[in-house]
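J.: Here it is, the structure, as structure tokens.
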Amino acid sequence: MACREVAWKDVAVPKPYPREFRDDVVRVARDRGPGVTVEQIAEDFGVHPMTLFKWLRQAEVDDGVKSGGPGVSRGESAELREARRRIKLLEQENEVLRRAAAYLSQAHLPGKGSTRS
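Counting from 0, one number per residue, gives the positions in the sequence shown under numbering that gives the first Met the number 0.
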């Protein structure tokens, strides 16, 4: 049996589920009746049970039900990304100003053998 090489472009990558779909599935899972498992709901909606468990965990973090631990809400995550981007920009601006100040301080120093009195 010969193995053929597969390029990454040939590998099917699943598309992310739409936000509305995820929210609906999470709502159904939270409102499930006694005896209904998360696995059954995942199967009914055609998602992997582990995916649904991850969605439920993220929803708890987003709703403030679950705090602490490694969970970060989407809002906090976006805020953190924006803060990091802003810090990087400010650091770059500071570096430019530092270099400009160093250049200007050296450019205006009187040279050796200056004829000024």
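Virtual Cβ for every residue (Gly too), placed ideally from N, Cα, C.
On the CB-based measure, 16 or more other CB atoms within 10 Å of its CB, does residue 127 come out buried or exposed?
T.: Since the first residue shown for the chain is 0 and the last is 116, residue 127 is missing from the structure and cannot be characterised.
J.: Using three-state DSSP, classify residue 4 as helix, strand or coil.
T.: In the sequence shown, counting from the first residue as 1, residue 4 sits at position 5. If DSSP states are grouped into helix, strand and coil, residue 4 belongs with coil.
J.: Which of the three DSSP states, helix, strand or coil, is assigned to residue 43?
T.: Taking the first residue of the sequence shown as 1, we reach residue 43 at position 44. Correct three-state label for residue 43: helix.
J.: Please report the distance separating the alpha-carbon of residue 80 from that of residue 97.
T.: Position 81 of the sequence shown holds residue 80. Position 98 of the sequence shown holds residue 97. Taking the straight line from one Cα to the other gives about 26 Å.
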